[in-house]
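Positions in the sequence shown are counted from 1; adding 71 to them yields the numbering used here. From the three backbone atoms N, C-alpha and C, an ideal C-beta is built for every residue, glycine too. Owing to the predicted nature of the structure, the values given are computational and were not obtained by experimental measurement. Structure record follows, encoded as structure tokens.
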Amino acid sequence: MSDLPAVQDRPVVDIHAHHFPAALHPPTRGAADPRWPYLVIDDDGRAGRIMRGSEVFRRVKPALWDVPTRLAELDRAGVDVQVISPVPVTLSLWADGKDAAEFLRHQNDLLAEAVAASAGRLRGLGAVPLQDVDAAISELLRIKEELRLDGIEIGTRIGDLELDAPRLRPFFAAAEEAGVPLFVHPTDGPHAIRRAEPTYTFGVGMLTDTALAATALVFGGVLDDFPGLRVALAHGCGAFPWMYPRTAYGDTIVRGGPDPERTARLDRLVGSLWADTLVFDPEHLRLVAERLGAGHLMLGTDHPFLRAPLETALATVSAAADRNVLSGRQVAGVLGRNALRFLAP
């Protein structure tokens, strides 16, 4: 990757990676519920499984829980700093609020320990029990003030609530006031599609869920109400960059005709969103950059999931430079400076 501008313009920052603490366990009161995820590591330490009850949810690699292994992989790929966040299945939005609060508080503590053990190479996003907004706000403040993590990962939907639900407004107000950035990531489980096979849930469902979340933020008034809120959406903002023009056109129909002032405001709101570059095709980045602005794009890998996630994500950005999708200066921002601005402007 020596031809990339950011190799000379350090650091290279990965905004989208996941960590599952080996010591994370189900909450005391609800431990018998088989939906709580936990980690089982093979005796030789070379592989592991995320379990839910007696069922294997996902087979995983040591970099998911072992900080030295992770850092060695970052070194080989040329990534200087990585922002780790919870594996989405741990968000546990199905659970009772008190149980979820206990579980996520423990996970946040363990994430902070991993960050502290990385000698500055890792930064972290915590999680909050958004099924109980008061508890979520309390944990948000603890994440910032006590744990010194950099932000919060939330799902694209909170139980049956879309992100523009009135019940969630106090949480967004608290995040804006505290200056805590939010990273929106689809969760494992039912998605907004008709078919449940992995090809469809991974390739269509997660991107559709993310587009619905972005639509709620833009058209549902969240970004209007909280203009200081910093929100990034995983996987290149999902399908939203492609859906936005049709959605905006539908908005004019509902409202009885064109409204240039509203159209301009919606464009500004879309441009306030942030996204990672995890789209698997450099040409896709052209439209994402057009909608959000290249200054709001950040390297994202999903490490250590997928096949060769670090190398694949870096190759996408490199190819975007080769095809003039992004200029050299824009690539340098995507590979580092933009993420640092998102986390602490």
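Ends of the alpha helix (DSSP H) at residue i?
| i | result |
| --- | --- |
| L212 | 204–216 |
| R240 | 240–249 |
| D361 | Rather than Asp, the amino acid found at residue 361 in this sequence is Glu. First-last of the alpha helix (DSSP H) with E361: 353–363. |
| G116 | Run containing G116: none; DSSP gives neither H nor E here. |
| F311 | 311–325 |
| D280 | 277–290 |
| A384 | 380–393 |
| R400 | 399–403 |
| A187 | 168–187 |
| R412 | 409–414 |
| L95 | Premise fails: L95 is in no alpha helix (DSSP H) and is neither H nor E. |
| V293 | 293–296 |
What residues are listed by DSSP as bridge partners for residue i?
| i | result |
| --- | --- |
| P108 | R123 |
| W136 | None; W136 has no bridge partner. |
| D347 | M369 |
| S156 | H89 |
| G197 | I223 |
| H374 | A88 |
| R129 | I121 |
| I264 | None; I264 has no bridge partner. |
| L232 | I229 |
Count the other CB atoms, across all protein chains shown, that sit within 10 Å of the CB of residue i; report buried if there are 16 or more and exposed otherwise.
| i | result |
| --- | --- |
| D330 | exposed |
| S73 | With a pLDDT of 41 at S73, under the threshold of 50, the modelled position of this residue cannot be trusted, and the question is left open. |
| R238 | exposed |
| A118 | exposed |
| R326 | exposed |
| V388 | buried |
| G124 | exposed |
| R228 | buried |
| Y320 | exposed |
| E332 | exposed |
| T279 | buried |
| I121 | buried |
Whole-angstrom Cβ separation of residue i and residue j, contact assumed at under 8 Å?
| i | j | result |
| --- | --- | --- |
| L181 | L95 | 6 Å |
| S156 | H89 | 6 Å |
| L365 | G404 | Just to set this straight, residue 365 is Ala in the shown sequence, not Leu. About 7 Å; that satisfies the 8 Å criterion. |
| T161 | A198 | 7 Å |
| I86 | V154 | 5 Å |
| G309 | A285 | 7 Å |
| L385 | E144 | At roughly 12 Å, the Cβ-Cβ gap does not stay under 8 Å, so L385 and E144 are not in contact. |
| V293 | L234 | 6 Å |
| V289 | V341 | 6 Å |
Quick check on the DSSP output: the beta strand (DSSP E) that includes residue i runs from which residue to which?
| i | result |
| --- | --- |
| E224 | 222–226 |
| V254 | Note that residue 254 corresponds to Phe in the displayed sequence, not to Val. Its beta strand (DSSP E) spans residues 253–256. |
| A486 | The chain is shown from 72 up to 416; residue 486 falls before or after that span and cannot be answered. |
Anyone know if the C-beta pair for residue i and residue j falls short of 8 Å?
| i | j | result |
| --- | --- | --- |
| L363 | T348 | no |
| I225 | I214 | no |
| L142 | R106 | no |
| D170 | R219 | no |
| F254 | A282 | no |
| P92 | Y109 | no |
| G307 | V275 | no |
| I208 | F243 | no |
| F273 | W345 | no |
| G399 | V84 | no |
When every heavy atom of the ligand PLP is checked, does at least one fall within less than 7 Å of the C-beta of residue i?
| i | result |
| --- | --- |
| A310 | The model on display carries no ligand, and the ligand PLP is accordingly not part of it. |
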